[in-house]
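Take 200 as the starting number for the sequence shown in the numbering used here and just add one per residue.
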Amino acid sequence: MLKRAVSSSACHLHHGANKNPSLLLANISSNQSVNYNNYIASVQSKNMEEAKKNTLLLYRRLLKILPWMRDVYHLPVDVPVLRKRIHKEFESYKGLTDLDVIDALIIRGYIEREEATMHHKQRGHVLKYFYEAEVEKSLPKLPEFKKIVKEKIDTDALINAARRKNLGKYIKNIDQ
200 MLKRAVSSSA
210 CHLHHGANKN
220 PSLLLANISS
230 NQSVNYNNYI
240 ASVQSKNMEE
250 AKKNTLLLYR
260 RLLKILPWMR
270 DVYHLPVDVP
280 VLRKRIHKEF
290 ESYKGLTDLD
300 VIDALIIRGY
310 IEREEATMHH
320 KQRGHVLKYF
330 YEAEVEKSLP
340 KLPEFKKIVK
350 EKIDTDALIN
360 AARRKNLGKY
370 IKNIDQ
């Protein structure tokens, strides 16, 4: 669809006016890519008050697009759950005092927002962000995991079966 729009616009300019069609193509491609220089120029805090203002502005902008993201990416959770996850992420950086680090995080937040709104992210990327913390909580810790595996698999029975079929040469340390 984009190719058709670009080619028809270029043909229209080529036949109609004395404008260069390559300028139109350059403008179309530059409008569709993300210009990260805008973020860098607009987010350079001079003091902590300005950094706080920029942080709150990003926070509000992120909260405003959450209902849209839920609908577009078909997220199976409610908007308040998404808000809590965003709030938790902002709270994790609460104690920062270095303005450069704060500005870098704000820029990173705007880039993430831009990528989500322009569909550079797929559903899996968004789900991973919102469910990563919950998945880590639900995974069993290593000792618990070893206990679960040991209960479900009888290692002695496996070793005996391997000996009966003479598979010992393929299994390292079978007698240990």
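The C-beta atom is built at its ideal place from N, Cα and C for all residues, glycine as well.
All values derive from a computational prediction rather than experimental measurement.
Cα-Cα, which of the options is closest to residue i?
{"i": "Y328", "options": "H318, T296, L281, R259", "result": "L281"}
{"i": "F289", "options": "P266, I305, S244", "result": "I305"}
{"i": "K320", "options": "V271, S244, A250", "result": "V271"}
{"i": "S244", "options": "I285, T296, V276, K283", "result": "T296"}
{"i": "T316", "options": "A250, K263, R284", "result": "K263"}
{"i": "Y330", "options": "K287, H318, K252, E249", "result": "K287"}
Could you check how far apart the C-beta atoms of residue i and residue j are, in whole angstroms? I think they sit under 8 Å.
{"i": "V325", "j": "M247", "result": "Not really, about 31 Å apart at Cβ, beyond 8 Å."}
{"i": "I301", "j": "T254", "result": "7 Å"}
Give a yes or no on whether the C-beta atoms belonging to residue i and residue j are separated by under 8 Å.
{"i": "L265", "j": "V278", "result": "yes"}
{"i": "G294", "j": "L257", "result": "no"}
{"i": "R312", "j": "L261", "result": "yes"}
My output table needs one value for residue i: the three-state DSSP class, helix, strand or coil.
{"i": "H188", "result": "No answer is possible for residue 188: it lies beyond the span of the chain, which begins at 200 and ends at 375."}
{"i": "N246", "result": "coil"}
{"i": "P275", "result": "coil"}
{"i": "R259", "result": "helix"}
How about residue i: is its Cβ closer than 7 Å to a heavy atom in the ligand MG?
{"i": "P275", "result": "Among the ligands in the structure shown, none appear at all, so the ligand MG cannot be discussed."}
Check whether the Cβ of residue i lies closer than 8 Å to any Cβ atom in chain B.
{"i": "L281", "result": "Checking the listed chains, one finds no chain B in this structure; it contains a single protein chain."}
Open item on the list: Going residue by residue through the stretch 274 to 316, where are the continuous beta strand (DSSP E) segments of at least 3 residues, counting only ones entirely within it?
Closed with: none
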